[in-house]
Structures are given as structure tokens and as C-alpha cells.
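See structure below.
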Amino acid sequence: MQTMRSYAEDIDGGRSPSVSMLSEVAAARKITIVGGSIPEMVPASGQLFNTCCVVGPDGEIKAKHRKLHLFGIDIPRDITFRESDTFTAGQEPTVVDTDVGRIGIGICHDIRFPELAMLYRSRGAHLICYPSAFNMSTGQLLWDLMQKSRAVDNQLFVATCSPARDPNSQSDFVVWGNSSLIGPFGEVLAAAGHEDATVIGEIDLSLIEAVRESLPLETQGRGDLYRLIDVQREHSS
1 MQTMRSYAED IDGGRSPSVS MLSEVAAARK ITIVGGSIPE MVPASGQLFN
51 TCCVVGPDGE IKAKHRKLHL FGIDIPRDIT FRESDTFTAG QEPTVVDTDV
101 GRIGIGICHD IRFPELAMLY RSRGAHLICY PSAFNMSTGQ LLWDLMQKSR
151 AVDNQLFVAT CSPARDPNSQ SDFVVWGNSS LIGPFGEVLA AAGHEDATVI
201 GEIDLSLIEA VRESLPLETQ GRGDLYRLID VQREHSS
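In terms of UniProt numbering, the sequence shown opens at residue 1 and continues consecutively.
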């Protein structure tokens, strides 16, 4: 984390090699790309954000998500880590309309907060993408569970993308890997292991409607006892 500032990129200033690469590929292939997260520098303030860009088939940035929930963990004799020592938390949930559906974006620790996924469902998301880097401890315990929980609770698709694991890494932070695509019933539609891999999964958006008709959770909820508040929409109304 100490070296993060040295290779952070100025996305809004148009000086981001990572975004330039994503834009070039998206335009050449005529596809939508949800990029992995990169350290974003804001020169005016000096702030660093953990940021994911969504790039459309025209090569233009369609959305930019700054990680909302900064990771902090303290497991005795295992790992101590505070992302807030380096990064600033984002302030905006991100839902973007694309040529392949409406997509909500979260980054890594964002997946642990069911309220964010519920918010994305309420805003019409078909798919939530979480570029992530769980470590060996949290990955083994929670990675699969978190993905399936967000998908099942909200009856939508969840996609995760993790770096591959480096078995020779000298770092205290070794990633779990195991990127996946999960369906609305919690079914695994595609999955990678912990090594470098390319996986392909098919998303049938009609399945969302079928699942919600079969199990209408939205109408079975107890609005008299609890409710989700979309703070942004409430303040804008």
C-alpha cells in the first residue's frame, strides 16, 4: 500500500494508461468492459481512490465507481490491514445502462454490504460486478458465500473478477483468486481457479423475471416493519 501513490493514475485528466488500454480494446472489439480497479489520483486534492471504470463499445467511459467501503481487518497472528490509511472512500453508488443491460458496480469490500446490492436492485440492475482481491483468509471463508448471497438475496446476476494468485509472492497479502459468475438462484455459471484464466459465461436476462415471478420476494417483504431508503433519491425529490 505504501507504493500505491507512485503509480496512481489521473483518470479525469486523461492521463490513465489503464483506461486508455481499456478504451482501445473496447472500441476495437465493440464491447462493454467493466475494468478492474486501479488507484486513482486527484491532483487538485492529492486524494487517492480505488476506482473502477466501465467503458462502452465506443471506447468512452460510461461510468466511474469509487470504492465506497474501505477495507479494515485485524486478525490476531494473521493480518492487519487498513485501506483508509491510503485511500479516500467514494460517495456515489454506481449504476450504468449498457448495451448488455443495467449494471451496478462494487469493488471488493463493497460486496460485504447487502444494502448496496439491495439499492442496485431497486434501481433496476440486472448484474452487479465486483472486481475484488480477497486474501487467503477471507477468501476461503467468505468469497463464495458473499457472491451467492448477493445474487440470491436480490435475484440477479453477480460477477466477480480477482487477480490470479502468485504462489511465489513475498507479500503478506496473497489473493484468493477464483473469479466467478453467479446466477439469480445462486448457481455457478462460470468460474476460474486461482491461476490466470479466461472464463466465459452466458447471462440470460429473462431468467431474472422468471425467478422473481416464481419467488416474488419484493411483494412478500414487510414494508410495515422495515424498508430500504435510497438516500440520494430521497434528497433529490
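We put the CB at the ideal spot given by N, CA and C, even for glycine.
Leaving aside the five residues that flank glycine 177 on each side, the residues in its chain whose CB is nearer than 6 Å to its CB run, in chain order, Ser162, Ala164, Arg165, His194.
Contact annotation, isoleucine 33 with valine 25: C-beta distance approximately 7 Å; criterion of less than 8 Å satisfied. Around alanine 63, the same chain offers Val54, Thr94, Val96 as residues with beta carbons nearer than 6 Å, after the five sequence neighbours per side are excluded.
If you draw a 10 Å sphere on the C-beta of lysine 67, you find 16 or more other C-beta atoms in it, and that means buried. Taking C-beta separations shorter than 7 Å and ignoring five residues to either side along the sequence, the partners of serine 122 in its chain run Leu228, Asp230, following chain order.
The beta carbon of leucine 181 sits closer than 6 Å to those of Ala159, Leu189, Ala190, Gly201, all from its chain and outside the five residues before and after it, given in chain order.
In the structure shown, valine 95 falls within a strand segment according to DSSP collapsed to helix, strand and coil. In the DSSP assignment, arginine 212 is bridged to no other residue.
The three-state reading of DSSP puts arginine 165 in coil, since its state is none of H, G, I, E or B. Judged by DSSP secondary structure, glutamate 40 falls within the beta strand (DSSP E) whose first and last residues are 38-42. Straight through space, the alpha carbons of leucine 22 and alanine 44 are spaced by roughly 25 Å. If you ignore the 5 residues before and after methionine 118, its C-beta comes within less than 8 Å of the C-beta of Asp153, Asn154, Leu228, all in its own chain and listed in chain order.
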